[in-house]
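Engineer:
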Amino acid sequence: MIQYSLHCEKGHQFDAWFKSAAAYDEQHQRGIVTCPVCDSHAVDKSLMAPAVSRANSEKVSLSIGHPEHARIREALKALHHKVTSEADYVGDKFAEEARKIHFGEVDPRGIYGEASREEVAALIEDGVDFMPLPTVPDEHN
């Protein structure tokens, strides 16, 4: 799974996740990558911030300096609160529960939890629709 920072011809900036770089290229060529603000199909990759290495050698995607940083930060915090207050926490059973919902084995409901990289890849492969739950750390003074 890969995350790209994108922008449209009208200057709207947003992030999007794709199965792979090739998946982005294919969707972009087909004209199905659109701006979530204005629905423009004239979307391109933005210059992206470098990833910062963690001690366990995983990369973290970062961003700074966007003119609407504070508004986006508050919107992400509100989204996180909405999901966690209205959905069921399923912990490390997220992939299992998401698959049951996707295949109609249980009644649909909102869930959130954790999944390993392997579980995320398998969910994508199975066509299960889900998204990362944003967490926004408190601002540093």
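FYI, numbering that gives the first Met the number 0 numbers position 108 of the sequence shown as 107, with every residue one higher than the one before it.
Think of the CB as a built atom: it goes at the ideal place given N, C-alpha and C, for glycine as much as any other residue.
Ignoring anything shorter than 3 residues or poking outside the segment 16–92, list the beta strand (DSSP E) runs there in chain order.
Structural biologist: Within the segment 16–92, the complete beta strand (DSSP E) runs of at least 3 residues are 42–44 and 87–90.
Engineer: Please state the DSSP three-state secondary structure of H101.
Structural biologist: Three-state result, H101: helix.
Engineer: In terms of DSSP beta bridges, what is L5 paired with?
Structural biologist: Looking at the DSSP assignment, L5 forms a beta bridge with F13 and K44.
Engineer: Do I71 and H79 have their C-beta atoms within less than 9 Å of each other?
Structural biologist: Not a contact, by the Cβ cut-off of 9 Å.
Engineer: Flag this pair as yes or no: are the beta carbons of L61 and P133 separated by less than 9 Å?
Structural biologist: Not closer than 9 Å, so no.
Engineer: Output the boundary residues of the beta strand (DSSP E) element that contains G112.
Structural biologist: Run containing G112: I110 to G112, per the beta strand (DSSP E) assignment.
Engineer: Is A97 buried or exposed, if buried means 16 or more other CB atoms sit within 10 Å of its CB?
Structural biologist: A97 is buried by the Cβ-count criterion.
Engineer: Quick check: the Cα distance between F13 and F93, rounded to an integer number of angstroms?
Structural biologist: Those two C-alpha atoms are separated by around 26 Å.
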